[in-house]
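Okay, so here's the structure we're looking at.
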Amino acid sequence: PRYIIIDNDAGVDDAWAIFLLLKAEPRNQVLALTCVNGNTSLENVCRNNLRLLAQLNERQIPVYKGAVSALVPPEKESLSNFTSDIEFFHGRNGFGDVELPKIDSLPQLQEENAINAMYRLVKQHPGEVSLVCCGPLTNIALAIRMYSDFTENVKDVFIMGGNYTAMGNKTRCAEFNFHGDPEAAYIVLQEMEGKTTLVPWETCVSAGVPQAWRENLGKNSGPCVSFLNIIEGPIMDRQRRLGYKYLSADQLLAAIFHDPNIIEETMCTHASVELTGSCTRGQIVIDHLNMNKHNTKIVKSINLQRYQDLITSLVESDRRG
Ligand code: BDR
Ligand code: CA
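Residue numbering for the sequence shown follows UniProt numbering, beginning at 2 and increasing consecutively.
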C-alpha cells in the first residue's frame, strides 16, 4: 500500500487537494492531515481542515497542528518587496472570508503535534508513506532535524512549490510556499535527496484553464463541490474581473500525485533554494552545469486534458454521492 500524509496550509486550493485525494485514493490510506502556517494562521488552517473533513463526512482522519511560523520569518520591512498579498487570494480566514458555521467540538484535532505524528506514522509504515506537501515546508524540515532516521523511512515527497525561472507569485522572483519558508525548502531538497518531485509555479500557470470551465464544473454539484464553490467564489469573482485564467496549484499537485500519467515532461536535476538574495530569496537555483548529483525531479509540463478529465470525474462522483 501507499500511505499518504497531506501537509497543508488550507487555503482554497489546499482544500481542493484534500478533496481530490480523499475522493480518489483509498480513504484508509490517508493517515493524517498535518497543518502548517502559510495562507492563513495555524489556528485557521486547523479549523479549515476540520471544516473540510466535516463537509466530506470524514470522521476518522486525524488532524495535527504543526509549525506556527517559518523557521526564519521575514522581517517586517522586507514586506515592501512583496508583489501580492495572500489575503487577496485566500481571504483572512484562508477560505475566502466566507462565513462558515462555527465548529464547537473539534474531535479530530489531536494533542500530539504534527512533527511527532509524522515521524510516528512513517516509522509505523517504513518506506510506504508519501508526503503530499501543499504549503511551506516547515513541518517536514523540523521532522528531518528532529529525527535522524525520518528521511530514510519516508517513501517520497510531492511538493507544490518553488519556481525555477524568475517568475514568482509572492515576490517578483519567488513562489509563495518556498518564499514562506526558504530555509525549510532548502533543508527538504537537500536532505530528501532523490525522493522529491516538485510541481513549480510555472507548471501551475501552464495548467491554467478558462474560468468558464471551472464555473461549468461547479454547476449541479454534490455536497463537497458545493462547499468548494462557496469558499472559492470570491477568488473566482476577482480572477474573472481581472481576466485571469483559473488555476489551482495544490489541486494540480494532488492530481499529479494520484495519476502520474498527467505528467508530460520532467527534468531531473540538482536544485537548491536561494536564501540570501534581496530580490530572489526563496527562488529555486538549478545546477544547469550538472556539477552536483541530481536530487529532485521537476514537473515541467502536463497533459491538460487528462488533468481536466480527472477533476471532472471526481466532481461527478461527488454529485452521484
Ligand atoms: C501556493 O501558494 C498558496 O497560496 C497556495 O495554497 C499554493 O500552495 C501557490 O504558490
Ligand atoms: Ca497551499
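For glycine and all other residues, C-beta sits at the position ideal for the given N, C-alpha and C.
- Taking C-beta separations shorter than 6 Å and ignoring five residues to either side along the sequence, the partners of N293 in its chain run H271, following chain order.
- Note on geometry: alpha-carbon atoms of I87 and N178 lie some 11 Å from one another.
- In the DSSP assignment, A115 falls within the unbroken alpha helix (DSSP H) covering A115 to Q125.
- Taking the CA atoms as reference points, N291 sits about 42 Å from A213.
- In this structure, ligand 2 has a non-hydrogen atom nearer than 7 Å to the beta-carbon of N40.
- For T267, the CB contacts under 7 Å within the same chain, skipping 5 residues up- and downstream, are K298, I299, V300 and K301 in chain order.
- With at least 16 other beta carbons inside 10 angstroms of its own, E176 counts as buried.
- Look at T198 here: in three-state DSSP terms it is strand.
- Remark: the shortest separation between the CB of N178 and any heavy atom of ligand 1 falls under 7 Å.
- In this structure, the alpha-carbon of Y165 lies about 15 Å from that of T197.
- Taking C-alpha positions only, M147 is separated from G67 by approximately 13 Å.
- Collapsing the DSSP output to three states places V274 in a strand.
- Ligand 1 has no heavy atom closer than 7 Å to the beta-carbon of N49.
- For the options R93, F89 and G39, the alpha carbon positioned closest to that of L72 is the one of G39.
- In the three-state DSSP reduction, S302 falls in the strand class (E or B).
- Bounds of any beta strand (DSSP E) do not take in C47; it lies within the alpha helix (DSSP H) bounded by L43 to Q56.
- Around the C-beta of Y245, fewer than 16 other C-beta atoms lie within 10 Å, and the residue is accordingly described as exposed.
- Distance from the CA atom of L311 to the CA atom of D182, rounded to whole angstroms, is 31 Å.
- DSSP places F159 in the strand class (E or B) of the three-state scheme.
- Looking at the DSSP output, I6 sits in a beta bridge with A33 and L132.
- For D251, the shortest C-beta to heavy atom distance toward ligand 1 is below 7 Å.
- In this model, A255 and V158 are separated by some 12 Å (Cα to Cα).
- Going by C-alpha positions, C134 is about 16 Å away from T41.
- Ligand 2 never approaches G181 closely enough for any of its heavy atoms to be under 7 Å from the residue's Cβ.
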